[in-house]
Amino acid sequence: MKTRTTLIVSFLFFFVFSVLSQNKEIQISEKLKLIPLTENIYLHTGDNNNGIIYYSDGEAVIVSTPESERETQNIIDWVKNNLKADITGYIIDRWHPDAMGGLASVHRSGIKSYANERTRIIAKDKKLPVPQSGFDERLELKVGNKKVICDYFGASHTEDGIVVWIPEGKVLFGGNGVRNYGGWYGNIGDANLKEWSKTISRVKAEYADAEIVIPGHGNYGGTELLDYTIDLYKPNKWGKILKHHNIETREVFNEYGDIFETADSVFTDSGKRHLYKADVFLINDERYIRVQSPVIVHEPEKKMIFSDKGCLQIYNIMTKEIIEDLYFNQLYVNFRDDEVGWTIIIKDAIR
Numbered sequence: 211m212k213t214r215t216t217l218i219v220s221f222l223f224f225f226v227f228s229v230l231s232q233n234k235e236i237q238i239s240e241k242l243k244l245i246p247l248t249e250n251i252y253l254h255t256g257d258n259n260n261g262i263i264y265y266s267d268g269e270a271v272i273v274s275t276p277e278s279e280r281e282t283q284n285i286i287d288w289v290k291n292n293l294k295a296d297i298t299g300y301i302i303d304r305w306h307p308d309a310m311g312g313l314a315s316v317h318r319s320g321i322k323s324y325a326n327e328r329t330r331i332i333a334k335d336k337k338l339p340v341p342q343s344g345f346d347e348r349l350e351l352k353v354g355n356k357k358v359i360c361d362y363f364g365a366s367h368t369e370d371g372i373v374v375w376i377p378e379g380k381v382l383f384g385g386n387g388v389r390n391y392g393g394w395y396g397n398i399g400d401a402n403l404k405e406w407s408k409t410i411s412r413v414k415a416e417y418a419d420a421e422i423v424i425p426g427h428g429n430y431g432g433t434e435l436l437d438y439t440i441d442l443y444k445p446n447k448w449g450k451i452l453k454h455h456n457i458e459t460r461e462v463f464n465e466y467g468d469i470f471e472t473a474d475s476v477f478t479d480s481g482k483r484h485l486y487k488a489d490v491f492l493i494n495d496e497r498y499i500r501v502q503s504p505v506i507v508h509e510p511e512k513k514m515i516f517s518d519k520g521c522l523q524i525y526n527i528m529t530k531e532i533i534e535d536l537y538f539n540q541l542y543v544n545f546r547d548d549e550v551g552w553t554i555i556i557k558d559a560i561r
């Protein structure tokens with residue numbers, strides 16, 4: 211029994227030690243560090259910019275350069291000196307400097323570079339270093355006896371961004387098309403906002419079994435990052451409604467699920483939000499209502515609003531056609547968790 215216990219303890223110690231060793235960060239310069247993801251896949255990150263290193267059987271491929279040639283050279287040198295690997299390819303995932311700013315260093319090192327053909331065209335037009343080999347929709351590269359797959363699924367953060375899939379570790383590098391969880395909407399200067407969610411939906415459909423998903427910036431995670439990105443850039447249900455009514459941003463401009471507040475000011479007391487000079491919208495299935503009043507009381511936890519007097523309008527959510535338009539004295543709107551959906555109760559009305 212004692213021998214068995216000793217073996218179990220030894221195994222647990224070895225397992226914990228292996229896990230801790232695998233995830234130990236490696237600082238290769240003042241700004242740049244490596245994080246082991248699997249036995250032969252590393253995340254390289256610096257200044258919040260991410261990329262990956264993958265090696266197998268004495269060969270390596272690197273994805274995405276840091277912004278500077280110097281830091282790119284630091285990665286190249288580390289792979290050669292520490293992994294003792296021949297770098298057979300450098301994959302550029304988009305044309306922005308935080309993905310190909312070090313490309314000149316790659317070429318000086320005699321490493322072949324790969325990118326989507328759209329990236330090559332943009333780089334030529336902007337008189338930037340141009341990746342040497344291009345592809346349209348998919349590229350497979352051998353790394354020893356393994357492979358990496360590069361895919362173009364459509365426009366997102368840029369028109370040319372790709373994702374890189376490593377089947378061996380089920381690791382997906384999403385580039386800047388994928389956002390870190392809780393991240394900002396981000397730089398949209400070159401983005402295609404209409405296509406972004408659709409593009410990442412196609413990525414998820416292809417690589418739903420990914421175990422590690424790496425965004426272009428910030429912390430890596432799982433496929434929840436794909437879901438987060440899809441939702442982040444999906445057209446908001448309030449967007450068309452607010453634009454239809456030419457609603458301008460105000461001091462109070464908040465979404466609470468099926469209720470959207472706009473007001474000049476707010477005072478909160480005992481969970482009740484007192485909105486002054488308020489214009490509040492509520493959505494339920496095929497209709498939405500607009501309530502305008504000097505004061506509207508909103509109770510978020512109860513999903514209800516109350517107003518002493520004001521104007522109520524009811525609209526068809528698809529056509530934006532007005533269904534009802536009236537003035538009221540004492541209005542209560544309460545959302546319900548049943549087939550009724552909501553109740554709109556008024557004491558007096560002028561139509």
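The number in this note's numbering is simply the position in the sequence shown, starting from 1, with 210 added.
Just so you know, even glycine gets a beta-carbon here, dropped at the ideal spot from N, CA and C.
Bear in mind that the values here come from a model prediction, so they are computed numbers and not experimental data.
Beta carbon of residue i, beta carbon of residue j: below 8 Å?
i: D518; j: Q502; result: no
i: V374; j: D303; result: yes
i: F482; j: P504; result: For the record, residue 482 in the displayed sequence is Lys; it is not Phe. In this structure, P504 does not lie closer than 8 Å to K482 by Cβ.
Where residue i and residue j are concerned, what is the direct C-alpha to C-alpha distance, given to the nearest angstrom?
i: R330; j: A473; result: 49 Å
i: E405; j: G256; result: 29 Å
i: E458; j: E471; result: 12 Å
i: I301; j: I245; result: 19 Å
i: Q232; j: I376; result: Only weak support is given to the placement of Q232: the predicted model assigns it a pLDDT of 46, under 50, and the question is left unresolved by the model.
i: I555; j: V543; result: 6 Å
i: H367; j: R561; result: 49 Å
i: W552; j: N526; result: 15 Å
i: K322; j: T409; result: 28 Å
i: K336; j: H484; result: 53 Å
i: L403; j: P445; result: 9 Å
i: E421; j: F345; result: 26 Å
i: D419; j: F463; result: 38 Å
i: L230; j: E281; result: At L230 the pLDDT is 37, less than 50, meaning the model places this residue with poor confidence and gives no usable figure here.
i: T478; j: E249; result: 53 Å
i: G385; j: A559; result: 56 Å
i: S407; j: A365; result: 9 Å
i: N429; j: F516; result: 43 Å
Out of the options, which has the shortest C-alpha to C-alpha gap to residue i?
i: I372; options: E350, K482 and K336; result: E350
i: V550; options: N326, N494, I285 and H367; result: N494
i: D547; options: E531, K512 and D287; result: K512
i: N283; options: L242, Y417 and H508; result: Looking at the sequence shown, residue 283 is not Asn but Gln. The shortest Cα separation from Q283 among L242, Y417 and H508 belongs to L242.
i: I297; options: S319, I532, V423 and V381; result: S319
i: P425; options: I236, H254 and I238; result: H254
i: L492; options: F545, K334, V273 and V505; result: F545
i: Y498; options: V490, P504 and F477; result: V490
i: L313; options: W288, I272, K557 and R348; result: I272
i: E531; options: H454, M310, F363 and E461; result: H454
i: Y537; options: G311, M528, I524 and G520; result: G520
i: F177; options: K482, K414, Q342 and K557; result: A query on residue 177 cannot be resolved here, the shown segment of the chain reaching from 211 to 561 and no further.
i: D441; options: W394, E534 and N260; result: W394
i: V340; options: R348, M528 and H306; result: H306
Report yes or no: do three or more beta-carbon pairs, one from the region 330-344 and one from the region 285-292, lie closer than 8 Å?
no
What are the complete beta strand (DSSP E) segments, minimum 3 residues, inside the region 433-465?
none
With a floor of 3 residues, list each beta strand (DSSP E) that falls wholly inside the region 304-332, ordered by position along the chain.
323-326
Do the region 374-389 and the region 430-438 make contact, defined as three or more Cβ pairs closer than 8 Å?
yes
On the three-pair Cβ rule with 8 Å, is the region 338-354 touching the region 260-271?
yes
Which ranges does the alpha helix (DSSP H) cover as unbroken runs of at least 4 residues, wholly within the region 224-288, from first to last along the chain?
279-288
What runs of the beta strand (DSSP E), each 3 residues or longer, lie entirely inside the region 497-542?
497-509 and 514-526
Unbroken alpha helix (DSSP H) runs of length 4 or more, entirely within the region 395-439: which are they?
403-416
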